[in-house]
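Novice: So the sequence lines, in the order shown, correspond to chains A and B. The opening position of the first sequence corresponds to residue 1 in UniProt numbering, with each subsequent residue numbered one higher. The opening position of the second sequence corresponds to residue 1 in UniProt numbering, with each subsequent residue numbered one higher.
Protein chains: 2
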Amino acid sequence: MLTEKAAPTTSRQIGRGQKVRSAVLAATLAQLGEDGYAALTVDNVAQRAGVNKTTVYRRWKDRESLVVDAITDRIAVDVPMPDTGSIHSDLGRLARSLVATLTSATGQAIIGTMLVGAAHVPEIAEIRRRFFADRISRTEPVIRRAVQRGELPEDTDPAEFVKTLIAPIYLRLLVTAEPLDEAVADRAARSAIAAARAGALSGPRL
Amino acid sequence: MLTEKAAPTTSRQIGRGQKVRSAVLAATLAQLGEDGYAALTVDNVAQRAGVNKTTVYRRWKDRESLVVDAITDRIAVDVPMPDTGSIHSDLGRLARSLVATLTSATGQAIIGTMLVGAAHVPEIAEIRRRFFADRISRTEPVIRRAVQRGELPEDTDPAEFVKTLIAPIYLRLLVTAEPLDEAVADRAARSAIAAARAGALSGPRL
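In structure tokens form, the structure reads like this:
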């Protein structure tokens, strides 16, 4: 929907650039879902996206940065941060949205790549670390707003809070292999709020 | 310390039987730790334990039951159930003992086998399911006693409680790859108690 007339060539170039980027990142996720990280090459991805290998290398220095970008990009789209004015509904939405992501085909591919792959491929451990740091920091404003509204204690550590929220969901996915549903999400949200209110999630710096 | 004199041969046989069992299960864990589940064979284990392959097959029908027994046995030894008379100290001990197990060499071998192996070897998923069901049910009496003492709400679901306790510990081990220490254990214990007291961990049957 670029209607600007002053620089039509540039706008078209930007549009084309965004299309290439989207196509390459989508191809990366599809490739991960099908064959896993170990088998992923820039060649595979370029072929699948219908672009030249050099086009990929102009934007991403190696397959690791490609995978990080694909995952980060997808998660940014999948998990919009709620701002309903209440910690209960914000957290319920966050937790349900995590459950929806983790039970989707793409979510399974991402998790498979990051968690199982990390044991065998050292680069993946770093991707995972960056992914979760990013995921947690994106969620922190939700917690800060709740603190500002007086819904959570002032010394609540946002990162600890987010980890407490997501922990029971990942436990079921990775450890006990139980089904994930909205009841699991809602219980996780209520538990995290209760833990914070009891002072169990206060930060190291008061 | 079998001092009974009436049936010396039988006692010696029992003693010998227990020694063989211990040696085979210890060899199984050592083998898992070194080469992982995929490479484990009854032959390897028998050789390492210094017993005949037929001796192993007399007690265990296949390598899957051997691995399940080795893991279950080890965990029973590693995690004695506390009964201090207070939910705070019981849970603190449980959580610290889980952290100690998960950071030990044997614990790493077990977790590596059960969680990473589960993605590639179907039998492992079932071992994992049985292991965690066993682990959770062993812990339930601790929760029941706390309910009887009036420290937790009557409708607290023991399995949900245990999962809430262990979830932040496994999250750090498997997802965020952060170090595990006693502070993590203590925070997990306080969070689970707070969640239960707020009614977030009540069972489906009231």
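Ideal Cβ positions, reconstructed from N, Cα and C, are used throughout, including at glycine. Because the structure is a prediction, the values reported are computed rather than measured.
1. Under 8 angstroms, Cβ to Cβ, is there at least one residue of chain A near Y170 of chain B?
2. Is there a C-beta anywhere in chain B that falls below 8 angstroms from the one on L201 of chain A?
3. For the alpha helix (DSSP H) holding R197 of chain A, just list the boundary residues, first then last.
4. Using the rule of at least 16 other Cβ atoms within 10 Å of the residue's Cβ for burial, across every protein chain shown, is N200 of chain A buried or exposed?
5. Can you check DSSP and say which residues form a bridge with T101 of chain A?
6. What residues in its chain sit with their C-beta under 7 angstroms from that of I87 of chain B, if we drop five residues either side in the sequence?
7. How many angstroms separate the CA atom of G15 of chain B from the CA atom of A23 of chain B?
8. Which of the three DSSP states, helix, strand or coil, is assigned to S202 of chain B?
9. Would you say R128 of chain B reaches chain A, if we count a Cβ-Cβ gap shorter than 8 angstroms as a contact?
10. When you check each C-beta in the region 141-165 of chain A against every C-beta of chain B, which residues fall closer than 9 angstroms?
11. Going by CA-CA distance only, name the one from B:I71, B:P141 and B:P158 that's closest to Y37 of chain B.
12. Quick check on DSSP: helix, strand or coil for T156 of chain B?
13. By how many angstroms is the C-alpha of L173 of chain B removed from the C-alpha of L171 of chain A?
14. What runs of the beta strand (DSSP E), each 3 residues or longer, lie entirely inside the UniProt domain "HTH tetR-type" (18-78) of chain B?
15. Using a C-beta to C-beta distance shorter than 7 angstroms, which residues of chain A count as neighbours of V42 of chain B?
16. Of all the CB atoms in chain B, is at least one closer than 8 angstroms to the CB of T113 of chain A?
17. Give the DSSP-derived three-state secondary structure of G85 of chain A in the structure shown.
18. Given a cut-off of 8 angstroms on the beta-carbon distance, is the pair A183 of chain B and P168 of chain A in contact?
Specialist: Checking against the coordinates, here is how it stands:
1. Here residue 170 of chain B corresponds to residue number 170 of the second sequence, with the count starting at 1. Taking Cβ atoms only, chain A reaches closer than 8 angstroms to Y170 of chain B, which makes this a yes.
2. By 1-based counting over the first sequence, the position of residue 201 of chain A is 201. Judged by the 8 angstroms Cβ criterion, L201 of chain A is in contact with chain B.
3. Here residue 197 of chain A is taken as the residue at index 197 of the first sequence, counted from 1. Run containing R197 of chain A: E182 to R197, per the alpha helix (DSSP H) assignment.
4. The sequence position of residue 200 of chain A within the first sequence is 200, counting from 1. It should be pointed out that residue 200 of chain A corresponds to Ala in this sequence rather than to Asn. Buried, because 16 or more other Cβ atoms sit within 10 Å of the Cβ of A200 of chain A.
5. As a first step, residue 101 of chain A is located in the first sequence; it is residue number 101 there, counting from the start. None, per the DSSP bridge assignment.
6. The sequence position of residue 87 of chain B within the second sequence is 87, counting from 1. Excluding positions up to five away in sequence, the list reads A146, E151, L152 and I193.
7. Residue numbering aside, residue 15 of chain B sits at position 15 when the second sequence is read from its first letter. Residue numbering aside, residue 23 of chain B sits at position 23 when the second sequence is read from its first letter. Their backbone Cα atoms lie some 12 angstroms apart in a straight line.
8. The sequence position of residue 202 of chain B within the second sequence is 202, counting from 1. If DSSP states are grouped into helix, strand and coil, S202 of chain B belongs with the strands.
9. As a working note, residue 128 of chain B is residue 128 in the second sequence. For R128 of chain B, the answer is yes, since a Cβ of chain A falls inside 8 angstroms of its Cβ.
10. E160, K163 and T164
11. As a working mapping, residue 37 of chain B is identified with position 37 in the second sequence. Nearest of B:I71, B:P141 and B:P158 to Y37 of chain B, Cα basis: B:I71.
12. Locating residue 156 of chain B in the second sequence gives position 156, where the first residue counts as 1. Note: T156 of chain B maps to strand in three-state DSSP.
13. Indexing the first sequence from 1 puts residue 171 of chain A at position 171. Indexing the second sequence from 1 puts residue 173 of chain B at position 173. Answer to the nearest angstrom: the Cα atoms are 11 angstroms apart.
14. none
15. The residue given as residue 42 of chain B occupies position 42 in the second sequence. Going along chain A, no residue has its Cβ under 7 angstroms from V42 of chain B, so there is no contact; the nearest lies around 25 angstroms.
16. Along the first sequence, one-based indexing puts residue 113 of chain A at 113. Judged by the 8 angstroms Cβ criterion, T113 of chain A is not in contact with chain B.
17. Position 85 of the first sequence holds residue 85 of chain A. Coil.
18. Here residue 183 of chain B is taken as the residue at index 183 of the second sequence, counted from 1. Here residue 168 of chain A is taken as the residue at index 168 of the first sequence, counted from 1. Contact: no.
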